[in-house]
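For reference, the structure is listed below as structure tokens.
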Amino acid sequence: MAVNFGYSISTTRVINFDNCDFNLLHQLEEIVPSYKRCLNCGACTATCSAQQFTKFNIRKIKSLFTSAQYDKLAKELDKCMLCGKCTLVCPRGINLRPAIMNMRKILSNK
Amino acid sequence: MQNLFHPFVLPFVLGTIILFAICIWKFIRWFRHFDRLQRAILRKNIFSWKIIPALWEAFREGLLHIRISRQNLILGYMHRSIAFGWFLLIVVGFFEAHLTPLNSHPVWLAIFYRFFIHEHHLFASSEVFTFIMDLLLLYVLSGIFIAFCKKIYSKAVGMKKTTKHVLFDHFAKVSLWAIFPLRLLSESLAANVYQNGGFLTQSIGNFFSPWFAETFLTTSWTMYSIALGTFFVALPFSRYMHIFTEIILIYFRQMGVHEHLERTGYTMYELNACSRCGICIDNCPLNKDLNITNVQPVYFLRDLRYKRGTDAVADNCLLCGRCDAACPVNIDLLAIRQQERNKREQDHCDYSYLNNIQPFNAIGRVGFFGGCMSHLTPGITESMKAIFEEVEQKYWFLDEERTICCGRPLMQQGYLEQAAELRRKNSELIKKSKISVLITSCPICYQSFKNEYKLSIPIMHHTEYIMKLLETGKLKLRKDDLRTVYHDPCELGRGCGIYKEPRQILKKATHLVKAKHEKEESICCGINLGDTLIDIRQQTQIRDAAMNNLMYKNPDQICTACPMCKRAFNHATDFPVKDIAEIVRENMIKK
Numbered sequence: 094m095a096v097n098f099g100y101s102i103s104t105t106r107v108i109n110f111d112n113c114d115f116n117l118l119h120q121l122e123e124i125v126p127s128y129k130r131c132l133n134c135g136a137c138t139a140t141c142s143a144q145q146f147t148k149f150n151i152r153k154i155k156s157l158f159t160s161a162q163y164d165k166l167a168k169e170l171d172k173c174m175l176c177g178k179c180t181l182v183c184p185r186g187i188n189l190r191p192a193i194m195n196m197r198k199i200l201s202n203k
Numbered sequence: 002m003q004n005l006f007h008p009f010v011l012p013f014v015l016g017t018i019i020l021f022a023i024c025i026w027k028f029i030r031w032f033r034h035f036d037r038l039q040r041a042i043l044r045k046n047i048f049s050w051k052i053i054p055a056l057w058e059a060f061r062e063g064l065l066h067i068r069i070s071r072q073n074l075i076l077g078y079m080h081r082s083i084a085f086g087w088f089l090l091i092v093v094g095f096f097e098a099h100l101t102p103l104n105s106h107p108v109w110l111a112i113f114y115r116f117f118i119h120e121h122h123l124f125a126s127s128e129v130f131t132f133i134m135d136l137l138l139l140y141v142l143s144g145i146f147i148a149f150c151k152k153i154y155s156k157a158v159g160m161k162k163t164t165k166h167v168l169f170d171h172f173a174k175v176s177l178w179a180i181f182p183l184r185l186l187s188e189s190l191a192a193n194v195y196q197n198g199g200f201l202t203q204s205i206g207n208f209f210s211p212w213f214a215e216t217f218l219t220t221s222w223t224m225y226s227i228a229l230g231t232f233f234v235a236l237p238f239s240r241y242m243h244i245f246t247e248i249i250l251i252y253f254r255q256m257g258v259h260e261h262l263e264r265t266g267y268t269m270y271e272l273n274a275c276s277r278c279g280i281c282i283d284n285c286p287l288n289k290d291l292n293i294t295n296v297q298p299v300y301f302l303r304d305l306r307y308k309r310g311t312d313a314v315a316d317n318c319l320l321c322g323r324c325d326a327a328c329p330v331n332i333d334l335l336a337i338r339q340q341e342r343n344k345r346e347q348d349h350c351d352y353s354y355l356n357n358i359q360p361f362n363a364i365g366r367v368g369f370f371g372g373c374m375s376h377l378t379p380g381i382t383e384s385m386k387a388i389f390e391e392v393e394q395k396y397w398f399l400d401e402e403r404t405i406c407c408g409r410p411l412m413q414q415g416y417l418e419q420a421a422e423l424r425r426k427n428s429e430l431i432k433k434s435k436i437s438v439l440i441t442s443c444p445i446c447y448q449s450f451k452n453e454y455k456l457s458i459p460i461m462h463h464t465e466y467i468m469k470l471l472e473t474g475k476l477k478l479r480k481d482d483l484r485t486v487y488h489d490p491c492e493l494g495r496g497c498g499i500y501k502e503p504r505q506i507l508k509k510a511t512h513l514v515k516a517k518h519e520k521e522e523s524i525c526c527g528i529n530l531g532d533t534l535i536d537i538r539q540q541t542q543i544r545d546a547a548m549n550n551l552m553y554k555n556p557d558q559i560c561t562a563c564p565m566c567k568r569a570f571n572h573a574t575d576f577p578v579k580d581i582a583e584i585v586r587e588n589m590i591k592k
């Protein structure tokens, strides 16, 4: 009998960093230097207003962006309401709201 | 008949013709870029009684510079003496020239009167005119002297930083400064030769030897005329364009024209009405605390005027509105900056996930909207709930579980379409719920609901609501012994003009002490959504400055009415920082 625990095992993925193009990441880090300070705690995701309505995970987006996995990211970022709560709760003082704005800009210029 | 022409009047005459031709051409061109609504407003009001306050304001601000005087007496005197003094010189000179019995009165006669008219007593009270003209010249010269001192040591006139002008402005300024000393010299030389000077010019003139005066008389008057001509030609292209533009701007503003979301011809009037006095520089927290010196309105407007505006300058602003409140010309600085941000490319947005929110039927209840930020400071929402329960008011907490952003953060960054999308969702929710009044504890949301949403129900900030409860006697407060200082949030104070209510509440609940700068002059807490370019370290620097400002009278606690300000100060120290709702909750007398 299949029991639904609300979570499941992630499928295994391999990202070959040698084949990744980190140009966009470097662009972003230049505009928002604080982006490098992230320790992936997920406070941003926990407090996010959009996340309360739908599957929207800012931490995941950040992880994907950092590992140069840009597919579908632009579409995912469209859900952000730019309210700025994430920036206020970030324990590392990352300027997350501008980071998201610039991620959108960089991805649309790609 | 006396000869009333000399070739040296030509630079002046030519300069004047060029000046008026260019000004009129510019004014007409800008006027043609007014949008339809602005034209309609003008058509409706152009010949109404509003012309009286317009003339009065033009006199007060264009000539007397009352607003500058209120901030800084010496600076006010400097601007007034140059503007009003020169204006009077022209007016009195005009009468003096036209009262003189002559066959013709060429336009330059008033300007070069002492060169052409040598005799006293040509008409009654001509000596009085000579005296007044000398007095006025002295008045203007005193202003030029202060301007010169300001250039050398600006702190002497109470300005920490003055505007860094472009080369062309310096050129125009030098020609302006040269006009009056040259006039003094020319009239003194004429007084030496013709004995027609007043108390000032005659006494100075008597110092010169007759040979010197005779030799350099024409040279001096020529230089005076050239200085005038140069200044007049430079005027329309330099900051001195504000002299005429400000008058017209005041007229348009009094007619009811205002800035729109996009740049119009009216914006061009505003850009040119900036005199680059630099008062905004000292008022900008970015300059004062972070030493960022290229983003202040004076430079921002100048860049726009010369078509050199950049996003980096338009975006680097807290939108706290301190410059806007201090601007002596009352230029709508925030609106102009917003216009530049509105030019931003509109990104895609996908808020379809908000479609499946079920409306709630809340007939007969008041609506409470915490907003995103109130959820970061649960003390505020809890206190508001306690207050609602205390006064037995049925309420509906719109966003208790989850919040739709009000859209203002998006709007401030220029994403108008996305903001409109969020507004549509929120409006739908509010309209379907049929609440009687909307109360919000966040000034950002408050301003958004009040100005952007077209809701038919009254919108209240929680300070207004609590004040109403106190007035109607539903809520009673006891007074504690704590000394409390109130921090004016930018969006609530300068944004919506709410200064009175929070202070009245605090006077009933606690001992209110003053901050160093408050009300219109209050300092932004730094942690805000307007500026996307400064980082957390810089934000904290601004916050510390705001904190120091509040600590002026050693209070026991800080009170504010904005969740973001509360959060900002809370992170700074262990010092008690409370929202006004929390103080009311602590001090209310329970039934």
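Residue numbers (our numbering), protein chains in the order written: chain A, 94 to 203; chain B, 2 to 592.
Ideal placement from N, C-alpha and C gives every residue a C-beta, glycine not left out.
As the structure is a computational prediction, the values presented were derived from the model and not from experiment.
{"query": "For a contact meaning CB atoms closer than 8 angstroms, what does B:Asp-351 contact in chain A?", "result": "Lys-168, Asp-171 and Lys-172"}
{"query": "Shorter than 8 angstroms from the beta carbon of A:Val-182 to some beta carbon of chain B?", "result": "yes"}
{"query": "What's the call for B:Ser-606, buried or exposed, on a 16-neighbour Cβ count within 10 Å?", "result": "What is shown of chain B runs 2 to 592, which leaves residue 606 of chain B out entirely."}
{"query": "Report the CB separation of B:Ile-405 from B:Leu-439 in whole angstroms; it is logged as a contact under 8 angstroms.", "result": "About 14 angstroms separates the two Cβ atoms, so there is no contact after all."}
{"query": "Could you tell me how far apart the beta carbons of B:Thr-219 and B:Phe-9 are, in whole angstroms, since I believe they sit closer than 8 angstroms?", "result": "7 angstroms"}
{"query": "Just to confirm my understanding: we take B:Phe-245, look at its own chain, exclude 5 residues before and 5 after, and list those with CB closer than 6 angstroms. What are they?", "result": "Cys-24"}
{"query": "In whole angstroms, give me the CA-to-CA distance for B:Ala-98 and B:Tyr-225.", "result": "18 angstroms"}
{"query": "What alpha helix (DSSP H) runs, 4 residues minimum, are completely inside the region 419-489 of chain B?", "result": "444-452 and 463-473"}
{"query": "Buried or exposed: which applies to B:Ser-375, given that a residue is buried once 16 or more other Cβ atoms fall within 10 Å of its Cβ?", "result": "buried"}
{"query": "CB-CB under 6 angstroms to A:Asn-97, same chain, minus the five flanking residues each way: which ones, in chain order?", "result": "none"}
{"query": "Three-state secondary structure (DSSP) at B:Thr-220?", "result": "helix"}
{"query": "Can you give, in chain order, each stretch of the alpha helix (DSSP H) that sits fully within the region 244-276 of chain B and has at least 4 residues?", "result": "266-274"}
{"query": "Consult DSSP for B:Ile-405 and reduce its assignment to one of helix, strand or coil.", "result": "coil"}
{"query": "So, are the CB atoms of B:Ala-173 and B:Tyr-241 less than 8 angstroms apart?", "result": "yes"}
{"query": "Taking DSSP's pairing of strands, which residues face B:Phe-369 in a bridge?", "result": "B:Phe-398 and B:Ile-440"}
{"query": "Rounded to the nearest angstrom, what separates B:Cys-321 and B:Asn-452 at their Cα positions?", "result": "17 angstroms"}
{"query": "Are the Cβ atoms of B:Arg-484 and B:Val-514 separated by less than 8 angstroms?", "result": "yes"}
{"query": "Taking all protein chains shown into account, decide if B:His-259 is buried (16 or more other Cβ within 10 angstroms of its Cβ) or exposed.", "result": "exposed"}
{"query": "Ordered along the chain, which non-local residues of its own chain (more than five positions away) have a Cβ less than 7 angstroms from that of B:Tyr-466?", "result": "Ile-440"}
{"query": "Where B:Lys-598 and B:Cys-373 are concerned, what is the direct C-alpha to C-alpha distance, given to the nearest angstrom?", "result": "Since the first and last residues shown for chain B are 2 and 592, residue 598 of chain B lies out of range."}
{"query": "Any beta carbon from chain B within less than 8 angstroms of A:Asn-150's own beta carbon?", "result": "no"}
{"query": "What are the boundary residues of the beta strand (DSSP E) that B:Ile-559 is part of?", "result": "558-561"}
{"query": "In three-state DSSP terms, what is B:Leu-377?", "result": "coil"}
{"query": "Could you work out which residues of chain B lie near A:Phe-146, taking near to mean beta carbons separated by less than 7 angstroms?", "result": "Tyr-354, Leu-355 and Arg-403"}
{"query": "At a Cβ threshold of 8 angstroms, is A:Leu-175 touching chain B?", "result": "yes"}
{"query": "Please decide whether B:Pro-237 counts as near chain A, where near means a Cβ-Cβ distance under 8 angstroms.", "result": "no"}
{"query": "Could you tell me whether any Cβ in chain A is nearer than 8 angstroms to the Cβ of B:Ile-543?", "result": "no"}
{"query": "Run down chain A in chain order and give the residues with a C-beta less than 9 angstroms from the C-beta of B:Cys-1.", "result": "Residue coverage of chain B in this structure runs from 2 to 592, which leaves residue 1 of chain B outside it and unanswerable."}
{"query": "Using DSSP's beta-bridge definition, name the partner residues of B:Val-514.", "result": "B:Val-486"}
{"query": "Which residues of the region 568-586 of chain B have a Cβ closer than 7 angstroms to any Cβ of chain A? Give them in chain order.", "result": "Arg-568"}
{"query": "Look at the alpha carbon of A:Asp-164 and the alpha carbon of B:Lys-51, and state the distance between them as a whole number of angstroms.", "result": "60 angstroms"}
{"query": "Hey, is A:Gly-186's beta-carbon within less than 8 angstroms of any beta-carbon in chain B?", "result": "yes"}
{"query": "What do you get for B:Gly-257, buried or exposed, if any count of 16 or more other CB atoms within 10 angstroms of its CB means buried?", "result": "exposed"}
{"query": "Could you tell me the distance, in whole angstroms, from the CA atom of B:Leu-138 to the CA atom of B:Asn-46?", "result": "39 angstroms"}
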